[in-house]
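Trainee: In our numbering, each residue's number is its place in the sequence shown (first place is 1) plus 13.
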Amino acid sequence: MSGEDYEGLNEYKQKRNLKKVDRLYNNIKKYNLLDRTLFLYQGSTVLIDNKFYYSAYKGTVRVKGKKIQYKIRSFKHFYDVFILGKRKERVENG
14 MSGEDYEGLN EYKQKRNLKK VDRLYNNIKK YNLLDRTLFL YQGSTVLIDN KFYYSAYKGT
74 VRVKGKKIQY KIRSFKHFYD VFILGKRKER VENG
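1) I'd like the span of the alpha helix (DSSP H) that includes Lys84, first residue to last.
2) Does the beta carbon of Ile96 sit closer than 8 Å to a beta carbon anywhere in chain D?
3) Helix or strand or just coil, what does DSSP make of Leu46?
4) Just curious, the beta strand (DSSP E) that Phe65 is in, first and last residue?
5) Can you tell me whether Val59 is buried or exposed, with buried defined as 16 or more other CB within 10 angstroms of its CB?
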């Protein structure tokens, strides 16, 4: 690959990441969380309710004070599980 190919790839990655940040901002406005949100790292990571770190680039959520990161499907999934608390309880057989 030549240097021009890498420049094109970098441009593509930057545009893709900007789209993710824009999508995150639009979802925060949609679910009325704008006044409860602190934007970090040029908006790619947000702190919601001073409790949840949401990363737009990785699609992960981390609870403040914990090291475990949770992979999520979408912002709606994050909103349902973490904000509204609609977690499905696992049923153990036996």
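A virtual CB, placed ideally from N, CA and C, is assigned to each residue, including glycine.
Mentor: A quick look at the data gives this:
1) Along the sequence shown, read from residue 1 onward, the residue named residue 84 stands at position 71. Not the alpha helix (DSSP H): Lys84 falls in the beta strand (DSSP E), residues 82-84.
2) Absence of chain D from the displayed structure is noted, only one protein chain being present.
3) Here residue 46 refers to the residue found at position 33 of the sequence shown. In the structure shown, Leu46 sits in coil (DSSP, three-state: anything other than H, G, I, E or B).
4) Here the question's residue 65 lines up with position 52 in the sequence shown. Element bounds for Phe65: 65-68.
5) Sequence index remark: in the sequence shown, residue 59 carries index 46 (1-based). Counting Cβ neighbours within 10 Å, Val59 comes out buried, since at least 16 surround it.
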